[in-house]
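Residue numbers (our numbering): 3 to 95. Cβ atoms here follow ideal geometry from the backbone N, Cα and C, with glycine treated the same way. Take a look at the structure below.
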């Protein structure tokens, strides 16, 4: 599935659960994507609980949250450690 469609589904889940104001508090943004199906989605810190709740109660359970990180840099490091391509790059150092 295209990352933009996934982001649209995340936004739809938040809007269905908390309305447009809740979506504005969460403000999900696609930051990075790896080949495969791993994505980094950035959200406002104040909206993190709403995002997690919206994905939990969503009828479509096609998302799995692997890790929550405080910064995009840390999330990128975690993503690199999970992807085979990132692991090869890390082993070469």
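- request: Return yes when the Cβ of residue 77 is within less than 9 angstroms of the Cβ of residue 33, no when it is not.
  value: yes
Residue 42 - partner residues in DSSP beta bridges: 34
task: Taking the CB atoms as reference points, tell me whether residue 82 and residue 56 lie closer together than 9 angstroms.
output: no
- request: Return the CA-CA distance between residue 3 and residue 49, expressed in angstroms with no decimal places.
  value: 25 angstroms
query: Under a Cβ-count criterion, where at least 16 other Cβ atoms within 10 Å of its own Cβ denotes burial, should residue 28 be classed as buried or exposed?
result: buried
- prompt: Is DSSP giving residue 83 helix, strand or coil here?
  reply: helix
- request: Count the other CB atoms, across all protein chains shown, that sit within 10 Å of the CB of residue 45; report buried if there are 16 or more and exposed otherwise.
  value: buried
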